[in-house]
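Shown next, in structure tokens, is the structure this report addresses.
Protein chains: 2
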Amino acid sequence: MHKLYLMTRSEENYIKTIFHLGRKGTQEVATNAIAELMETKPSSVTDMIKKLSEKNLVNYKRYQGVSLTSLGTKTALGIIRKHRLWEVFLVEKLDFSWDEVHEVAEQLEHIKSDKLIDSLDRLLAFPKFDPHGDPIPDKNGGFKERDRDLLSEVPINTVGVCVGVKDSSATFLKFLDKNGIALGNQIRVKEREEFDGSLNIEIDGRNLQISHVIAANLYIKTNDEI
Amino acid sequence: MHKLYLMTRSEENYIKTIFHLGRKGTQEVATNAIAELMETKPSSVTDMIKKLSEKNLVNYKRYQGVSLTSLGTKTALGIIRKHRLWEVFLVEKLDFSWDEVHEVAEQLEHIKSDKLIDSLDRLLAFPKFDPHGDPIPDKNGGFKERDRDLLSEVPINTVGVCVGVKDSSATFLKFLDKNGIALGNQIRVKEREEFDGSLNIEIDGRNLQISHVIAANLYIKTNDEI
DNA sequence: ACAAATTTTTAGATTTGCCTAAAATTTAAT
DNA sequence: ATTAAATTTTAGGCAAATCTAAAAATTTGT
Ligand SMILES: [Mn+2]
Ligand SMILES: [Mn+2]
Ligand SMILES: [Mn+2]
Ligand SMILES: [Mn+2]
Chain H
255 MHKLYLMTRS EENYIKTIFH LGRKGTQEVA TNAIAELMET KPSSVTDMIK
305 KLSEKNLVNY KRYQGVSLTS LGTKTALGII RKHRLWEVFL VEKLDFSWDE
355 VHEVAEQLEH IKSDKLIDSL DRLLAFPKFD PHGDPIPDKN GGFKERDRDL
405 LSEVPINTVG VCVGVKDSSA TFLKFLDKNG IALGNQIRVK EREEFDGSLN
455 IEIDGRNLQI SHVIAANLYI KTNDEI
Chain S
255 MHKLYLMTRS EENYIKTIFH LGRKGTQEVA TNAIAELMET KPSSVTDMIK
305 KLSEKNLVNY KRYQGVSLTS LGTKTALGII RKHRLWEVFL VEKLDFSWDE
355 VHEVAEQLEH IKSDKLIDSL DRLLAFPKFD PHGDPIPDKN GGFKERDRDL
405 LSEVPINTVG VCVGVKDSSA TFLKFLDKNG IALGNQIRVK EREEFDGSLN
455 IEIDGRNLQI SHVIAANLYI KTNDEI
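Residue numbers (the working numbering), protein chains in the order written: chain H, 255 to 480; chain S, 255 to 480.
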């Protein structure tokens, strides 16, 4: 049953938004939240939700919020897979920087062709994570969230590798570039300033002072796996 | 003046169709011809032509047909450049066959990003022709039509290289595959049957009998350049 | 508990791209 | 030169996706 292939771009964007807002679609999402993230009006969201509900992509009872059905979740994962594979492609093959890829991937994620996306996957050697450290669902929607922690929440002296960003806005990513912070960097948390939560870290040898806001948007994978 | 970037997919498809029907937009194109090629109704075409005329993309006087303005031509060349570069990408990097690329390229040609297309161009080493032998406009719309002849129209004993197809439908392309005819093949016209216009050719060593219809859809570049 | 504030839905418009049916214009045929 | 045929445009409508304004339902605060 592949209705997936006759979805409009707009429908796909709503499904994706509901997925992201509702912890992978499991949680109920508020109409207003969707409207805000999509920069549209709540009344438009209600209209679309009804349509998606007709198509069995979301569970909906008026005034009760919306969540994805299993078909909706599958659809969302397909779009996210495409988005993230294209992001990898742009960085690996076309030398885009990680702050430039999202906008273009927003367009490319709507291209319909299974063969295209599976070939792309192969060309890129089946990457597991996108340039921002987010996991790439496989062909069947399989998804393994990497075990990771926010830099702002690990204890002093934790050592690990920077594996992702929480905020992946161009502004934040460019800031990281400017300060020489990139995925793969070795990080050690040396000191936490109680007053403002800022951190003194050692990153690939250098010392660096970063604010709490920055630390709260950087993921590390610690070495203390058992 | 880059209105180009706020064109809808539908507008782009009309512009492209007018370009193809009107010998690169120079000739006047009939409403019905556009409608037929785009599988839409003449009344819809008239509506769109008015809109494109407003935007200075076409020259239009009612009942007199339509042609591209210089802005329209530039736009068309940009879309065709994208279409053909994506076709090369699909064949060269993703192992698509030449009969599979067109459909996907029809989608990809509407992705908006100068950086994307110029990087793609570089990745592919600035190809001059697409998988069907059609020329790829450069960044500035520069376009050199290759000197070539239809196999059906060259004299007996002409020798050349197969450099393109006129009909690039999947059906025809698959037929060529089945008969081992591909771009780059060395061809010599050995005999022309007066009765039905069929040809006896030598192609990369082998002998092959091809109907007039086939010959009339294959381009060769002869070796008799001065 | 119940009024006030917030959220969500409905009702009614708008825009884009398409349609059908009918009218206007051009082209072809006698 | 008229008439007939074909082409093209207009008029009026429809579906998708959006909006504003108003009504309905839920949540919050005292
Ligand atoms: Mn992204
Ligand atoms: Mn990403
Ligand atoms: Mn093509
Ligand atoms: Mn082509």
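The beta carbon of each residue, even a glycine, is placed where N, CA and C say it ideally should be.
Residues of chain H with CB under 9 Å from Leu260 of chain S, in chain order?
The residue labelled residue 260 of chain S in the question sits at position 6 within the second sequence. Chain H residues near Leu260 of chain S: none, gap ~14 Å exceeds 9 Å.
Would Lys347 of chain H pass as an interface residue toward chain S - the criterion being a Cβ-Cβ separation below 7 Å?
Looking up residue 347 of chain H in the first sequence gives position 93. Closer than 7 Å: yes.
Using a Cβ-Cβ cut-off of 7 Å, state whether Val358 of chain S counts as contacting chain H.
Sequence index remark: in the second sequence, residue 358 of chain S carries index 104 (1-based). Yes, Val358 of chain S counts as interfacial toward chain H.
Within-7 Å CB hit, His256 of chain H to chain S
Your numbering for residue 256 of chain H matches position 2 in the first sequence. The predicted model places His256 of chain H with a pLDDT of 49, which falls under 50 and marks its position as unreliable; any figure quoted below should be read in that light. With 7 Å as the cut-off, His256 of chain H does not count as an interface residue toward chain S.
Boundaries of the alpha helix (DSSP H) in which Asn286 of chain H is found, first to last residue:
On the first sequence, residue 286 of chain H is found 32 positions in, with the first residue counted as 1. From DSSP, the alpha helix (DSSP H) with Asn286 of chain H extends over Thr285 to Met292.
Beta carbon nearer than 6 Å to a non-hydrogen atom of ligand 3
S:His337, S:Glu341, S:His356 and S:Ala359
Specify whether the region 266 to 279 of chain H and the region 305 to 315 of chain H touch according to this definition: at least 3 beta carbon pairs, one from each stretch, less than 8 Å apart.
yes
Would you mind working out which of H:Val443, H:Leu339, H:Leu260 and H:Gly319 sits nearest Ala287 of chain H, comparing C-alpha positions?
Taking the first sequence and counting its residues from 1, one reaches residue 287 of chain H at position 33. Measuring from the Cα of Ala287 of chain H, the nearest candidate turns out to be H:Gly319.
Do Ile455 of chain H and Val443 of chain H count as a contact pair if the criterion is CB distance below 7 Å?
Position 189 of the first sequence, counted from the start, is the residue given in the question as residue 443 of chain H. Position 201 of the first sequence, counted from the start, is the residue given in the question as residue 455 of chain H. In contact: Val443 of chain H and Ile455 of chain H (Cβ atoms closer than 7 Å).
Which partner residues of Gly418 of chain H appear in the DSSP bridge assignment?
On the first sequence, residue 418 of chain H is found 164 positions in, with the first residue counted as 1. BP columns for Gly418 of chain H point to H:Tyr473.
When DSSP labels each residue in this structure, what does Tyr317 of chain S get in the three-state scheme?
Taking the second sequence and counting its residues from 1, the one referred to as residue 317 of chain S is at position 63. In the structure shown, Tyr317 of chain S sits in coil (DSSP, three-state: anything other than H, G, I, E or B).
Are any of the Cβ atoms in chain S nearer than 7 Å to that of Ser373 of chain H?
Stepping through the first sequence from its first residue, residue 373 of chain H is reached at position 119. It does; some Cβ of chain S falls within 7 Å.
Per DSSP, the bridge partner or partners of Ile464 of chain H:
Residue 464 of chain H sits at position 210 when you count from the first residue of the first sequence. Residue pairing from DSSP places Ile464 of chain H in a beta bridge opposite H:Leu453.
The alpha helix (DSSP H) with Lys444 of chain H in it runs from where to where?
Residue 444 of chain H sits at position 190 when you count from the first residue of the first sequence. No alpha helix (DSSP H) contains Lys444 of chain H, which is instead part of the beta strand (DSSP E) from Gln440 to Arg446.
Could you name each continuous alpha helix (DSSP H) segment of 4 residues or more that falls completely within the region 288 to 368 of chain S, going from the start of the chain to the end?
296 to 308, 324 to 346 and 355 to 362
Relative to the C-alpha of Gly434 of chain S, which candidate in S:Ile464, S:His356 and S:Gly332 has its C-alpha closest?
Sequence index remark: in the second sequence, residue 434 of chain S carries index 180 (1-based). Closest by alpha carbon: S:Ile464.
Using CA atoms only, rank isn't needed, just tell me which of S:Arg446, S:Leu462 and S:Asp431 is closest to Ser351 of chain S.
Indexing the second sequence from 1 puts residue 351 of chain S at position 97. Comparing Cα-Cα distances from Ser351 of chain S to each of S:Arg446, S:Leu462 and S:Asp431, the minimum goes to S:Asp431.
Is the CB-CB distance between Val419 of chain S and Asn471 of chain S below 7 Å?
Counting from one through the second sequence, the residue named residue 419 of chain S turns up at place 165. Counting from one through the second sequence, the residue named residue 471 of chain S turns up at place 217. For Val419 of chain S and Asn471 of chain S, yes; Cβs fall inside 7 Å.
Just to confirm, is the Cβ distance from Leu339 of chain S to Pro391 of chain S under 7 Å?
As a position in the second sequence, residue 339 of chain S is number 85, starting the count at 1. As a position in the second sequence, residue 391 of chain S is number 137, starting the count at 1. Not in contact: Leu339 of chain S and Pro391 of chain S (Cβ atoms no closer than 7 Å).
Is Ile365 of chain H close to chain S? Criterion is C-beta to C-beta, closer than 7 Å.
Residue numbering aside, residue 365 of chain H sits at position 111 when the first sequence is read from its first letter. The C-beta of Ile365 of chain H comes closer than 7 Å to at least one C-beta of chain S.
Looking at the secondary structure, which residues open and close the alpha helix (DSSP H) in which Ala424 of chain S lies?
Indexing the second sequence from 1 puts residue 424 of chain S at position 170. Segment Ala424 to Lys432, the alpha helix (DSSP H) holding Ala424 of chain S.
According to DSSP, is Phe273 of chain H part of a helix, a strand, or is it coil?
Counted from its first residue, the first sequence places residue 273 of chain H at position 19. It is helical.
Please report the straight-line C-alpha distance between Glu290 of chain H and Ser297 of chain H, rounded to a whole angstrom.
Within the first sequence, residue 290 of chain H is the residue found at index 36, counting from 1. Within the first sequence, residue 297 of chain H is the residue found at index 43, counting from 1. If you take the alpha carbons of Glu290 of chain H and Ser297 of chain H, they lie about 12 Å apart.
Hey, would you say the C-beta of Asp384 of chain H is under 6 Å away from at least one heavy atom of ligand 2?
Within the first sequence, the letter at position 130 stands for residue 384 of chain H. Yes, the beta carbon of Asp384 of chain H sits closer than 6 Å to at least one heavy atom of ligand 2.
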